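Reading the sequence shown from the start, the letters are residues 32 to 641 in our numbering. Think of the CB as a built atom: it goes at the ideal place given N, C-alpha and C, for glycine as much as any other residue. Bear in mind the structure is a predicted one, so any value in this text is a computation, not a measurement.
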Amino acid sequence: MSGSKKKKVTKAERLKLLQEEEERRLKEEEEARLKYEKEEMERLEIQRIEKEKWNRLEAKDLERRNEELEELYLLERCFPEAEKLKQETRMLSQWKHYIQCDGSPDPSIAQEMNTFISLWKEKTNETFEEVIEKSKVVLNLIEKLKFILLETPPCDLQDKNIIQYQESILQLQELLHLKFNVATEILLRQASTLADLDSGNMEKVIKDENVTLYVWANLKKNPRHRSVRFSETQIGFEIPRILATSDIAVRLLHTHYDHVSALHPVSTPSKEHTSSVTELVKDDVENVEKAISKEVEEESKQQEKQSHLIQEEKLKVEEEQDDIEVKMSSAEEESEAIKCELEMKVLSETVSAGKHWRTDGISNVSYKPNERLITFSLDTFGPVTLIQDAHINMPYQSWELRPLDVNKVLLTVTTVFTEIQIQIKENLCMLSSVKLKDKKHISVLEGTWMTPIPFIIALKEAGLNIFPTRYSHFYVVINNKVPLVEVKAYRQMALLSSTFAFGWSKWNLLCNSTKVVFKVREHLPEECTENPNWALLMFSGDRAQRLKIKEESEAFSEALKEETEFHSTLYHMVRDFASKEAMEKVRSSNCQFVNSVCHMLLSTRLLSYS
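This is how it looks when you write it as structure tokens:
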């Protein structure tokens with residue numbers, strides 16, 4: 032029984048155990064402290080080494096900065112060379128016009144334009160067909176004047192010239208509209224001779240490449256004939272019973288140009304925006320701002336282009352009263368085809384100067400996609416338009432700029448709805464393809480080469496607007512970058528674009544506004560494009576560096592990739608890992624090609640709007 036009893040621990044033994052435990056704890060703490068101090072010393076040593084390495088790299092970068100910038104300056108001489116070629120092209124165009132002697136005026140000479148307008152005003156009793164034929168000359172003059180405003184550098188365009196060109200455009204627009212009204216009145220005077228054999232009412236359709244006229248006159252006043260459908264078309268309308276028994280006429284004028292929007296003044300680029308820009312990029316920034324300011328003016332007109340006009344008349348054209356205008360343009364058709372949202376809006380008489388659109392007054396709106404037929408009811412006669420959200424394709428989901436051949440690249444911009452591919456060669460651009468949710472969409476613009484500014488306008492008219500204006504940031508959540516950093520990045524990317532591919536990086540969202548991050552790789556024809564070996568570059572405008580992280584990394588870091596250095600330009604940065612052949616191609620790139628790529632990058636602003 033005594034063996035089952037527990038052995039008692041004496042007080043001395045208990046104290047000894049406590050002392051041993053305390054000694055063990057102190058020993059562990061000492062070991063932990065020594066380990067922490069060792070790790071801290073190692074960390075500080077690593078930091079010291081990294082800082083020394085960083086300082087050496089910065090010193091080396093600073094030491095060769097002037098040399099690198101001088102070499103970049105020599106490469107960027109291609110931009111003024113391209114501008115010089117543009118100026119020579121404009122002068123050659125003026126000379127060709129002079130020696131043609133076709134009777135059309137030079138749009139840049141005010142006296143010739145005034146003479147042309149005055150002579151046409153004096154001409155009377157023109158038929159609708161004659162006015163349509165004359166409208167081709169007028170529309171061509173308007174287009175030339177708009178391109179002069181858009182393409183001429185600010186230094187070559189004085190304020191008085193801007194006012195002169197704007198006034199000429201406005202006078203031509205107003206006179207053309209007046210001539211169509213007068214020609215319609217002359218046509219209506221012949222209503223009885225143009226009566227339809229079945230209904231007894233006048234029906235007349237005149238078609239042309241720019242204008243289609245539909246005229247209906249109520250000669251019989253039969254109350255049962257309230258619904259009208261022009262033969263061999265899907266164009267028609269229905270009128271109330273009270274109008275079916277009245278002396279009325281309805282005109283629908285479908286034009287492939289904008290004759291509604293008022294001409295807004297062109298704003299002069301603010302010098303304070305470019306005052307801090309270095310001489311190296313100053314001229315290009317001013318040109319870009321000039322082009323963007325003109326695009327702001329054009330934007331509202333381009334969204335409302337190509338229209339139908341329905342005008343109620345008592346066998347005479349009443350210019351300002353009771354006219355319906357239904358805009359169903361090719362731009363709208365492109366937009367609907369790519370399923371961009373459209374809104375139908377009515378313009379009231381009180382704001383017919385083009386200040387804003389109203390949504391009231393329209394009901395029973397129905398659209399049949401397969402038939403591409405839209406129907407609606409109006410409370411009162413008035414202009415009607417289909418308007419697309421100008422920023423529906425912004426911000427972009429991703430982008431890529433990839434070489435195709437010598438002085439030829441492919442720019443791919445992916446948006447929520449579409450994937451747009453643009454080819455660029457020399458001074459020309461072409462829409463290569465449009466995809467909607469991985470399904471190819473056929474566009475009338477595909478395969479047509481144009482210079483950058485007309486190309487941009489054509490894309491915007493087709494509902495493929497990927498060209499922000501200076502006011503777009505009010506409507507789109509963007510990853511705003513410092514403009515000067517963007518401009519320098521686009522210029523240098525354009526210089527390298529004949530050999531190097533560039534692409535969107537998710538890390539561009541996480542770096543601050545003074546830096547941009549993008550992917551880059553040397554483009555090799557035999558290289559497999561499924562898993563390309565991209566490098567990540569960060570650029571601040573004054574310094575380029577290759578990042579240690581990859582696109583698939585979990586966190587963003589500005590850490591420098593091992594065995595790489597800082598450089599003052601992208602050109603010298605990629606030269607560290609590029610082949611000699613690639614750099615030779617860069618140095619021999621066509622100046623017009625480089626300038627066109629730069630223009631497209633500046634116009635899309637991929638680094639801020641992705």
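With a threshold of 16 other CB atoms inside 10 Å of the CB of residue i, please say whether the residue is buried or exposed.
i, result
"A613", "buried"
"L578", "buried"
"I455", "buried"
"D92", "buried"
"L209", "exposed"
"M122", "exposed"
"S277", "exposed"
"V437", "exposed"
"G534", "buried"
"A63", "exposed"
"P136", "buried"
Check residue i in the structure and name its three-state DSSP category.
i, result
"H128", "helix"
"V348", "Its pLDDT being 29, under 50, V348 is placed unreliably by the model, and the measurement read from it follows with that caveat. Of the three classes helix, strand and coil, the one that applies to V348 here is coil, per DSSP."
"R95", "helix"
"E477", "strand"
"Q195", "helix"
"P190", "Checking the sequence, you will find Asp at residue 190 rather than Pro. In the structure shown, D190 sits in a helix (DSSP, three-state: H, G or I)."
"K325", "Low per-residue confidence applies at K325: pLDDT is 43, beneath 50, and the placement is therefore not dependable, though the value from the model is reported in the following sentence. In this structure, K325 counts as helix in the three-state DSSP scheme."
"F178", "helix"
"T406", "strand"
"A63", "helix"
"P280", "Position check: residue 280 holds Ala in this sequence, whereas Pro was assumed. A280: strand per DSSP, three-state reduction."
"E431", "strand"
"R108", "coil"
"H598", "strand"
"A590", "coil"
"S620", "coil"
"F486", "helix"
"M425", "coil"
"F448", "coil"
"V319", "A caution first: V319 carries a pLDDT of 42, below 50, which makes its placement in the model unreliable, though a value can still be read off. Of the three classes helix, strand and coil, the one that applies to V319 here is helix, per DSSP."
"I266", "coil"
"F570", "strand"
"R389", "strand"
"L75", "helix"
"K466", "strand"
"L88", "helix"
"I453", "strand"
Alpha carbons only, please: which of the options is nearest the one belonging to residue i?
i, options, result
"E198", "L172, E182, L219 and A214", "L172"
"F608", "S464, N97, L568 and R121", "L568"
"L409", "I163, S397 and E402", "S397"
"I179", "F159, D573 and P138", "P138"
"N192", "L435, A141 and I418", "A141"
"P184", "K512, R74, P111 and A532", "P111"
"R255", "N424, K42, L274 and Y640", "L274"
"T635", "L283, V513, I487 and S474", "I487"
"L467", "M481, S474, E450 and R260", "E450"
"S571", "T158, C542 and E76", "C542"
"K115", "V508, L637, Q623 and W480", "Q623"
"E157", "I200, Q125, L88 and I217", "I217"
"E107", "H598, L527 and L638", "L527"
"E101", "L637, F159 and Y602", "Y602"
"H285", "T146, T264 and K471", "T264"
"Y521", "Q204, V625 and E51", "V625"
"E589", "Q125, W85, K66 and K42", "W85"
"K251", "L404, N232 and I266", "N232"
So residue i and residue j are in contact, right, with Cβ under 8 Å, and what is the actual spacing, rounded?
i, j, result
"A525", "L632", "6 Å"
"V281", "I163", "Wrong, their Cβ atoms sit about 19 Å apart, outside the cutoff."
"W388", "T416", "7 Å"
"T445", "Q428", "5 Å"
"R462", "L476", "Checking the sequence, you will find Leu at residue 462 rather than Arg. With a Cβ gap of about 4 Å, L462 and L476 count as contacting."
"N564", "R552", "6 Å"
"S627", "P483", "6 Å"
"Y640", "P426", "5 Å"
"T530", "K399", "In fact, because the Cβ distance is near 50 Å, the residues do not count as touching under 8 Å."
"A575", "T600", "6 Å"
"L219", "V246", "7 Å"
"H554", "A532", "5 Å"
"E582", "S620", "At roughly 27 Å, the Cβ-Cβ gap does not stay under 8 Å, so E582 and S620 are not in contact."
If we define contact as Cβ-Cβ less than 8 Å, is residue i a contact residue for chain B?
i, result
"L442", "In the structure shown, chain B cannot be found, because there is only a single protein chain."
#### Entry: Length at least 4, wholly inside the segment 521-565: the alpha helix (DSSP H) runs in chain order
Entirely contained in the segment 521-565, not one alpha helix (DSSP H) run reaches 4 residues.
### Task
Could you name each continuous beta strand (DSSP E) segment of 3 residues or more that falls completely within the segment 204-258, going from the start of the chain to the end?
Runs of the beta strand (DSSP E) lying entirely within the segment 204-258 and spanning at least 3 residues, in chain order: 233-238 and 242-248.
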